[in-house]
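Okay, so here's the structure we're looking at.
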Amino acid sequence: MNLFKDLRIVYYFIKRYFRVWTYFKVNFVLELIQVVIDLATMAIIASAAGKYISYMLKAYGGDYFAFIVLGLVCNQLLSVALTAPRSAIEDAFWGRRIEILFSSPVNPTFLVAAFSIGPIVRESVKTLIYLLTAILLGLSTKPLNILSTVVFFTGFLACMGIGLISASTLYLLEAKGGSDPVNWIVSIVARLLSGLYYPLNILPEWCRWLSLIVPHTYVFDAERRILLGSVSGESSLPIHSVFVALGFSPVLADLVLLAIYAGVVLPLSYYLIRKGFEKALRDGRLSWWS
Amino acid sequence: MDKYELKRGGFRIVLLVALETLKTRLLKAMFFPIIFTLSLIDIVIGTLAYYLMAIFVEGGMNRYISAYGITYPEYLLVAIIGDILAGLFLYSFYEAIGMGYWGCETDLYITSPVGLKGMIMGSLLTSLVWNTLAVFTLLSFAAILGIPLHLENLPQVLEVLAIGLLPFLGLGLISASTFTLMNAKQGSPITWAINIAQRILSGYYFPVQLLPGFIRPLSYILPHTYFYEALRLAVSKGIWLHSYYHLLHPLLIQIAILLPLGVVLFKYSLIKAEKTGDLSRWT
Amino acid sequence: MSKDIVIVNNVYKSYPKYKRFGPGTCLGQAHWILATIFRMRKEGVVEALKGVSFRVKRKEIFAIVGPNGAGKTTLVKCIGALLLPDKGYIEVDGVNVVEEPLKAKKRMNLVGSGYWGGFDWSLSLEENLQLFALLYGYDFKEAKRRAKEVLDIVGLSHKAKDNPTKLSSGERQRLALAKGFIADVPLYLIDEPTVGLDPVFAKQIRDYIKTEMKKRGITVIFTTHFMHEAEYLADRIAIIKDGKIIALGTADELKAKFTRGKVVEIKAYNVYEDALNKIKSIEDIIHIDVFHRSYGAETLLRILTRNPLETLNNVLDILLMYSSTILYANISEPTLEDVYRAIVGEEYG
C-alpha cells in the first residue's frame, strides 16, 4: 500500500464530500447557524437553571453549560464515527457507484475508511464552530491535555468499530431498509442513558448499568472530569467502584474500559466487514443493480 | 362529449387519486411494520430524552413558568406536540413534492389528466395520518408517565389548533414553492431557517422573557410564539384563544398575509415547473 | 509468460433465491434479519454458470454472446473479481482471481454499461476520471494527463468540466468507455460496449477497439447482443446459453460447424398461416425466421437450409399455391446471426 497514492485517493473523496455538502449553499450556511443557535439555547437554559442544579454536577465542576457543551461536542464526533462507515457504503450502494469502485485494485476496507473521512472532517469543522461559539458564550474549561486527547481518541476508535459493525449489517444481515439494529440500539442508549444532557445519578440504578454498553458513557464522564471537575473524586458509574477499590481513579477506569472496548470491537468489526463483502461477492448482491 | 373526456367529475377523480396515493404511501411505510413501529418509538425516545433533561433542570426553570401553572416537563411537552402539529402543514407540502420528485412519481402524475393535485392531496393525507399517530403516541406516553392531559380543556385546544395552524399552512405553501422557484431540492431553506429560529425564539424551551432584550422583538415575528403560548394557556388554564386578543390579533394578521401569499407562490411554482420541466426526472 | 491471459476452468456460479417478507409477516424486517442469521430465507438457487471453461489468448479480442439471462454478465463479473464463483478456477495474467483479487484487478479494467457507470455527480467528468486513474495507482500528474487523453478519445473533451448529470445516455456510455481506457492494463472486460450509442459513434468505438487496442496489444473480452459487432470485432466468439458455453470459435468456424448450409431469403405479399406451416415442415430446413412488415401485408422469410436450391423451389411452389405475390428471392451465405439463432433456437416474427 503506497501511502502517498492512497492519501491522494482520500483527498478526492473528501473533495467530493465537501462539494456535495456545500452544493446547496443556503443549507450549508443554515447548518452552521444551527450549531450556534443550539448552543445559545443551551446557554440560556443553563443560565436560568444552572445555579439550582449545580450541586448535582459536583464531580464535573458544577457548571451546567460547560457540562452540556462538552457532552454535545463529544457526541457530535462520536456519532459521526458511528454512522459514517455505513452511510458511506449506503451512499455508494444507492448511488450505483459501489461496483465500479470495487472493481478497482484498492482494498475494500480502505475504500470504506476513505469514504468515511469526509463526514469526519465535516463534523470536526462543526465541532470547532461549536467550541468557538461556546467560548464566546462564556464556556470555561481547563486546557486540553494528553489524557483528554487519549480518552477521546480511544472512545472514537471504539465508536468507529461499532460503526464498521453497523456497516457490515448491510450485507451480512441485508439490513438495507432504514437503520440497522446495531446503530439503533447504540444511539438510543447513548441519547437516553449516557449522560449527554443530564448526569447519570438522576437515573435509576438499572439504567446506569445499561449505560455501560455504549462508549459514550465513559467518554462523557472522563472528559467532563478532566476538563471541568477533578480526575479523582466520587464515582459516577456503577463499575467505577471495582476500579476505585483497586486504586484506580474514575478517569483511569473509564480509559481502561474504553481501551478494552476498542480492543474487542475493532478486530471484530474488521472481521465482520470483510465477511460482509465476501458474502456480497458470493451472493452477487454487492450492488442493487446487476 | 369528447370520448377522451374524463367521465366523472374532476374533484371526485382527484380525491380517488389522493386516496390511492395515501394507500400506496401507507403500504410503503408499513411494508416493514417493525421499522414503522421503531420510527414511532424513535419519537418517544427523543421526547423521553428531553423529558429527563426537563426533570433535571425543573428546579431552576419552574419559577419562570409559574404563570402557566404547569411543571417544566409539561411546558416542554406542549411545545414538542405543538411542533409536530405545526409540522403537519409546515413540511407536508414540500415533502409531497419532494417525495414525488425523488421517487420518480411526478412524471406519472404530470402526464395523466389529473395532474399533481391528487399526489399532493394524498401526501397531505399521509402526513395527517402519521402526525396524528405520532401525537397520540406521545399523549399515551405522557399519560403513562403520569403527566396530566387536561382533557377537560379539549375544546379550547381545538380552537387554538383551528386558528393557530393556519399561518403554518401559508408558510408550508411558501416553503413548498421553493422546490422549483429556488431549486431547493435538498430541503427548503425557509422551513429550515424558521425551524432553527423557533427553537430559540418562540418559547419552545423557555419563556420568551429569558431572551436578551435585543433579540426578543424577533420572537414576535414567528407564528410559533403565539401558537405555543395559546396552546399552553388552553391546556393548563382552559383559556379560549378568542378571548386573548394579544395572541389572537397577531395570529390573524399573520394568516391574512401568509395564506394568500403561500397560495399564490405555490400556484406560480407549479406553473413554472410545467414550463421548465423542473419536476420531471425523465432524462 | 503463458500465451493465455485468461483461463476459466470449470466455473460454477449459482445465486441463492431469497424469500421476501412483506406485510403478511408482521415482524417484517426483523423476521428477515433473523431468518438470514438462521439461514431460513433461501428457497432455492438460480444456476447462472454451469461448468464454464475456456481460454483467451493474449492480444485477442474475444466476444461472449448469448440471450438475456444466459450468464454473460455473471461470467464477466467472475473474471473481474466482482463475484466469487462457487467452484472452479479463474486466472488472469497468471494470477488466481479468487485467491488474489486485488493483484488480479491490477491487470484488468472492467467497463460497465449504461447509466452513470458509477460516476459521481458532484465531480466533473475530468475529476471522475482522475479519481479512477488514482485508484489504479497513477500519480496526480499522470492521472490528469490520462483523463484528458481518454476524454479526447471518446469525444467528450468539450464537456470535461461538466458533471455527469448533464450528459445524454449515449454520452454516459462514452464516459463509461473512457473509464475503461484510463488504465494501462493488459486486459479489458467490457459489458456491451456500444449499447445506447448512435451508429456513427458506435462505429468509432468499434474501430478504436479493433485498431488502437489491437495495436497496443491489449486483450479485450466483451459481451454483446449485436452479432454483427461480434463478427466484426472478435477474433473468437463464445456463445453462452443457460450458463453453458454451447459454441466457441471464430465466426467462420461457427458458421461452418453449425450451419452447413445457406440462407434462402424470400420477400412476398400475403403469406398466410397455412402456407407458413407447410413451409416449416420442409425437411432440409435447419432454421426459419419470419419477419412481418406493413401490418402483416409484407413478409420476409430467412430460411437456413442444407439444400438451398430444392428448398427455394419448394417454398416458391407453396407460396404460389396459396396465392402469395413473390417480390424477391435470393440465396446467400449465412451470417453469424443466423448461426446464433440456429444454435440458441429462437424464432422471430
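Chains as they are written, first to last, in numbering that gives the first Met the number 0: chain A, 0 to 289; chain B, 0 to 282; chain C, 0 to 348. We treat Cβ as the ideally placed atom computed from N, Cα and C, and that holds for glycine. Bear in mind that the values here come from a model prediction, so they are computed numbers and not experimental data.
Environment of residue i [buried if 16+ CB atoms lie within 10 Å]
i                 : result
GLU211 of chain C : exposed
HIS223 of chain B : buried
HIS241 of chain B : exposed
GLU346 of chain C : At GLU346 of chain C, the pLDDT of 42 sits below 50, so the modelled position is not reliable and the matter cannot be decided from this model.
LEU186 of chain C : buried
VAL230 of chain A : exposed
ASN9 of chain C   : exposed
TRP129 of chain B : buried
THR164 of chain C : exposed
ALA252 of chain A : buried
ALA246 of chain C : buried
Residue i: first and last residue of the uninterrupted beta strand (DSSP E) it sits in
i                 : result
ALA267 of chain C : 261–268
THR298 of chain C : 297–304
ILE287 of chain C : 284–292
Residues that residue i contacts on chain A, provided the C-beta gap is smaller than 7 Å
i                 : result
GLN185 of chain B : PHE23 and ASN26
PHE139 of chain C : ARG7
ILE173 of chain B : What ILE173 of chain B touches in chain A: nothing, since even the nearest Cβ is about 15 Å away.
PRO15 of chain C  : ASP282
Which of helix, strand or coil DSSP assigns to residue i
i                 : result
ASN182 of chain B : coil
PHE23 of chain A  : coil
THR223 of chain C : strand
ASN144 of chain A : coil
PRO104 of chain A : coil
VAL230 of chain A : coil
LYS50 of chain A  : helix
PRO188 of chain B : helix
LEU48 of chain C  : strand
GLY202 of chain B : coil
HIS149 of chain B : coil
SER331 of chain C : strand
GLU222 of chain A : helix
LYS22 of chain B  : helix
SER38 of chain B  : helix
ARG281 of chain A : helix
GLY43 of chain C  : strand
LYS12 of chain C  : strand
PHE247 of chain A : coil
LEU29 of chain A  : helix
ARG96 of chain A  : coil
Proximal residues of chain B, C-beta to C-beta of residue i below 7 Å
i                 : result
ALA39 of chain A  : ILE199
ILE36 of chain A  : ILE195, ARG198 and ILE199
TYR197 of chain A : LEU51, MET52 and PHE55
Span of the alpha helix (DSSP H) around residue i
i                 : result
VAL159 of chain B : 153–163
HIS239 of chain A : 239–244
LYS57 of chain A  : Premise fails: LYS57 of chain A is in no alpha helix (DSSP H) and is neither H nor E.
GLY242 of chain C : Counting along the chain, GLY242 of chain C falls outside any alpha helix (DSSP H), and DSSP gives it neither H nor E.
ALA250 of chain C : 250–257
GLN75 of chain A  : 63–93
ILE317 of chain C : 307–320
ASN61 of chain B  : No alpha helix (DSSP H) holds ASN61 of chain B; DSSP gives it neither H nor E.
LYS277 of chain C : 272–279
Per-residue contacts from residue i into chain B (C-beta, under 8 Å)
i                : result
GLY49 of chain A : GLY59
ILE59 of chain A : Checking the displayed sequence, the identity of residue 59 of chain A turns out to be Tyr instead of Ile. Residues of chain B passing the Cβ test: none, with the nearest at roughly 13 Å.
Where residue i meets chain C, residues with beta-carbon distance less than 8 Å
i                : result
ASN74 of chain A : Correct list: empty, because the minimum Cβ distance to chain C is about 27 Å.
Within chain C, the residues that residue i reaches when beta carbons sit closer than 9 Å
i                : result
LEU77 of chain A : Within chain C, no residue comes near LEU77 of chain A; the closest Cβ sits about 25 Å away, beyond 9 Å.
Proximal residues of chain B, C-beta to C-beta of residue i below 9 Å
i                 : result
TRP183 of chain A : LEU37 and ASP41
Chain-ordered chain A contacts of residue i [CB-CB under 9 Å]
i                 : result
TRP129 of chain B : Result: empty, since nearest Cβ-Cβ is about 15 Å, beyond 9 Å.
**Q.** alpha helix (DSSP H) segments (min. 4 residues) lying fully within the region 167–212 of chain A
**A.** 180–192 and 204–209
Q: Within the region 64–145 of chain C, note down every full alpha helix (DSSP H) run reaching 4 residues or more, in order along the chain.
A: 71–78, 100–104 and 124–134
Q) Which runs of the alpha helix (DSSP H), 4 residues or longer, sit entirely within the region 150–234 of chain C? A) 168–180, 198–206 and 226–232
Q: Identify every run of the alpha helix (DSSP H) within the region 210–281 of chain B, keeping only runs that are complete inside it and at least 4 residues long; order them along the chain.
A: 215–218, 222–236 and 244–275
(Q) Threshold first: 4 residues or longer. Then list the alpha helix (DSSP H) segments lying entirely within the region 68–142 of chain B, N to C. (A) 71–101 and 105–109
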